[in-house]
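Per UniProt numbering, the very first residue in the sequence shown carries number 1; after that it's consecutive. For each residue, glycine too, the CB sits at the ideal point set by N, CA and C. None of the values given here were measured: they were computed from a predicted structure. Each remark here refers to the structure printed beneath this line.
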Amino acid sequence: MRTALAVAGCVALALLALWGMRSGWRARRRRTEEVVPSLPTEPADLGETRFGPVEALYVSSTRAGDWLDRVVAHDLGVRSPAVVAVHDAGVRITRTGAADVFVPAGTLRAAGTAPGIAGKVVGGDGLVVLTWQPDPDDPRGLDTGLRPRHAADRPALVDAVAALIDHTPGAPAGQEETP
């Protein structure tokens, strides 16, 4: 009898923990939908391919400047395998198991490297971080973390995105190292 009660108590505790995690994820999604009400749509003509496609791991997107404030609206918080390509029109992130992400050139603000972002910490300059502003009314914007499969692709991806930013009217120039 005691064993059955102990098992029932453990099962109830596990179910309570799962319910709490699910409720927290839903609350975060509601909060972040206010920050990112919709994602930019991909244009029919992406223009010339400037870099890629390369295989990468899409780690997550966070509020710019806060590497732990994960944005989960529109599947932006879902870690997934991806293929990344830089085009004249912007950065295309084709993901497996989650919605694709298109970052228009006009919304890009910076490209750099970081040791981590919500969902993955690798140290050094292991992640490529794109800072962009999907909503013009939100001055803070987002940081999107990518881990290219091959280390040699990291600086090349950063350079390609930085060149795209430099050619975009109204965008601040350049690369930056993200903490």
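* For the candidate residues L5, G123, T131, whose alpha-carbon lies nearest to that of A105? -> T131
* V128 to K120, Cα distance in whole Å? -> 12 Å
* Going by beta carbon distance, what residues of the same chain come within less than 8 Å of W19, once the five residues before and after it are set aside? -> none
* Per DSSP, which one or two residues make a beta bridge with R95? -> A82
* To do: Can you grab the Cα-Cα spacing for the pair L57 / R31, in whole Å?
  => If you take the alpha carbons of L57 and R31, they lie about 25 Å apart.
* To do: Helix, strand or coil for R22, going by three-state DSSP, please let me know.
  => helix
* Asked: Helix or strand or just coil, what does DSSP make of P179?
  -> Since pLDDT at P179 reaches only 44, below the 50 mark, its modelled position is unreliable, and the value read off the structure follows with that caveat. Three-state DSSP puts P179 in coil, outside helix and strand.
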